[in-house]
Structures are given as structure tokens and as C-alpha cells.
Amino acid sequence: MQITDIRIRRVSSEGKLKAYVTVTFDDCFVVHNVKVIEGKTGVFIAMPSRKTKTGEYKDVAHPINSDFRNELQQRILDAFASMGDEEETSQDLGGDAGDA
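Adding 13 to a residue's 1-based position in the sequence shown gives its number in this note's numbering.
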């Protein structure tokens, strides 16, 4: 599976949430609302989630193995870092992306 597009929309608030990300896989499957969050040791991604009746948050989509999660996070954070002060950016990665 290849990551073929990453779209980032910065959040202008002063909180820990820095951006929302949409990731497209193989030009045929999309995951919305991946979040870029500023933590104590730097930025990281949080997968889309929903709140359960018990108040817990559960991911609705997520990588199954740590290798792919690391690749996904690195690709998103690289795109986020390269966008500078832009509010939105899109990186159409076409078929050049590495296999996951």
C-alpha cells in the first residue's frame, strides 16, 4: 500500500492541536482527521477517533503494525515541517511513495 497524497490544514489556535491531515492510500482510500499534536517531546500524530459512551476515545482507523505507523507518522510530520507558514498544503505523492 502506498501513501499517494497528504493534505494538511493548519489550526490557528494556541493549543496543542497544530493541524488536521487527510491521507490518501493508493489513490483509492482516504482517511480524514488525522491530527498533528504538539507534545512534551515534540510533534506526533493521533489517528481519527470517536468518544464512546464511557467517555473513552477509540481510534476509528489506525495502522496495524508499528513499522507502518512509524512510516505514516514520519511522512506526515515531514510534510508538516516543510509547509512553513502556509495554512494548507497538499503533497501529491503519486506512485513514488514507498510500499507499506
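Quick reminder that beta carbons are idealized off the backbone N, C-alpha and C, glycines included.
Residues in the same chain with beta-carbon distance under 6 Å from residue i, minus the five sequence neighbours each way, listed in chain order, please.
i    : result
T102 : I21 and M96
D40  : T17
K29  : I50 and E51
Leaving aside the five residues before and after residue i along the sequence, list all residues of the same chain whose C-beta is less than 8 Å from its C-beta, in chain order.
i    : result
D72  : M60, P61 and S62
T54  : none
D105 : T17 and D18
V186 : The chain is shown from 14 up to 113; residue 186 falls before or after that span and cannot be answered.
Could you tell me whether the Cβ atoms of residue i and residue j are closer together than 8 Å?
i   : j   : result
V44 : I89 : no
Which residue's Cα is closest to the Cα of residue i: the options?
i   : options               : result
V24 : T17, V47 and M14      : V47
D98 : Q15, K31, F81 and T65 : K31
P76 : E84, F57 and E69      : E84
I58 : S79, T37, Q87 and K66 : Q87
Kindly indicate the opening and closing residues of the beta strand (DSSP E) around residue i.
i    : result
D91  : Segment S79 to S95 is the alpha helix (DSSP H) holding D91; no beta strand (DSSP E) there.
Q15  : Careful: Q15 lies outside any beta strand (DSSP E) and carries neither H nor E.
K48  : F42 to G52
K65  : This sequence places Thr at residue 65; Lys is not what is there. From DSSP, T65 is part of no beta strand (DSSP E); its letter is neither H nor E.
D39  : Unbroken run through D39: none, as it is neither H nor E.
E101 : E101 to D105
T55  : As written in the sequence, residue 55 is Gly, which differs from the Thr given in the question. Where G55 is concerned, the enclosing beta strand (DSSP E) stretches over G55 to A59.
Excluding five sequence neighbours on each side, which residues of the same chain lie with their C-beta closer than 7 Å to the C-beta of residue i?
i    : result
R82  : P76
A110 : For A110, the pLDDT reaches just 42, beneath the cut-off of 50, and the residue's location in the model is therefore unreliable, although a value from the coordinates is still provided. Same-chain partners within the cutoff: Q15, I16 and T17.
Quick check: is the beta carbon of residue i nearer than 8 Å to any beta carbon in chain C?
i   : result
T65 : Structure shown: chain C not included; a single protein chain is present.
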